[in-house]
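A short write-up of the structure that comes next.
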Amino acid sequence: MFVKEVKILLASFVLGAVIAVGFAAYTHAYATRLQGDIAENVLRFHVRANSNSADDQFLKNFVRAEILEEFSHTLNNNLCETRENIFENLSYIQAHAQKIVRDAGFEHEVTAEISNVFFPTQTYGNIAFPPGRYEALQIIIGDGDGENWWCLMFPPLCYVDMTATDESRELLAQNLSNESLLLVTHTEEGTPELVVRFRIVELWQNLLA
-17 MFVKEVKILL ASFVLGAVIA VGFAAYTHAY ATRLQGDIAE NVLRFHVRAN SNSADDQFLK
43 NFVRAEILEE FSHTLNNNLC ETRENIFENL SYIQAHAQKI VRDAGFEHEV TAEISNVFFP
103 TQTYGNIAFP PGRYEALQII IGDGDGENWW CLMFPPLCYV DMTATDESRE LLAQNLSNES
163 LLLVTHTEEG TPELVVRFRI VELWQNLLA
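Read in order, the letters of the sequence shown are residues -17 to 191 in the numbering used here.
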């Protein structure tokens, strides 16, 4: 009888392990696929401050505002064209950011680049983007060790109190799959299933960061 019970326990353990591994593999694939779909259809903007001093944080926000004002004309309703315009203007963006810093009385060197960067969960009104790696225009001021600032250049979510306009939401709907769109708007739907799905993506992307 004891041997039989041991066999049953071992079989239960193996079955449980197989189910757990299978569930982990499924949720990992799901999280990777959806975050990848979202990342392929947005372009983020990332400004890294030199430090967390009050002056450096002020400078970060000043550079952000000036760059957006100067280069908003390069952004439009097409992701490929927006990305292309940013690439073409990258050296000028860097030079302009450097001038802003110098004119503000700082000696920090400035770098502008297009990078693949990990971002934490970010919410714009009722739209939430899961964590993960996204393509971004990065402006790095000095050592880039201070708190960062980020938004989306496409669709444009940088300009109205960090909330999503109707136009931005429409651009998301045009570019994302229905499944990905439901994920980023899960707070509007408010269904437990969508909340759980967002948390799964969030968990896996944070684990893989």
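A virtual CB, placed ideally from N, CA and C, is assigned to each residue, including glycine.
- DSSP links Gln120 through a beta bridge to His28 and Glu95.
- Under the Cβ criterion (8 Å, minimum of three pairs), the region 83 to 102 does not count as touching the region 5 to 13.
- For Phe136, the enclosing beta strand (DSSP E) stretches over residues Asn130 to Phe136.
- Within the same chain, His28, Glu95 and Ser97 come within 6 Å of Gln120 by CB-CB distance, once the 5 residues on both sides are set aside.
- Every unbroken stretch of the alpha helix (DSSP H) spanning 4 or more residues and falling wholly within the region 28 to 108 is given here in chain order: 36 to 53, 61 to 70 and 72 to 85.
- The Cβ atoms of Ala31 and Glu129 lie closer than 8 Å to each other.
- DSSP places Ala110 within a strand segment (E or B) once states are collapsed to three.
- In chain order, Gly114, Arg115, Tyr116 and Glu117 place their CB closer than 8 Å to the CB of Ala21, counting only its own chain and leaving out the 5 sequence neighbours on each side.
- For Glu149, the uninterrupted alpha helix (DSSP H) segment begins and ends at Asp148 to Asn157.
- The residue from Gly124, Ile122 and Leu134 with its alpha-carbon nearest to that of Val24 is Leu134.
- Of the residues Tyr106, Ile122 and Glu51, the one whose Cα lies closest to the Cα of Val166 is Tyr106.
- Between Val83 and Ile123, the C-beta spacing is below 8 Å.
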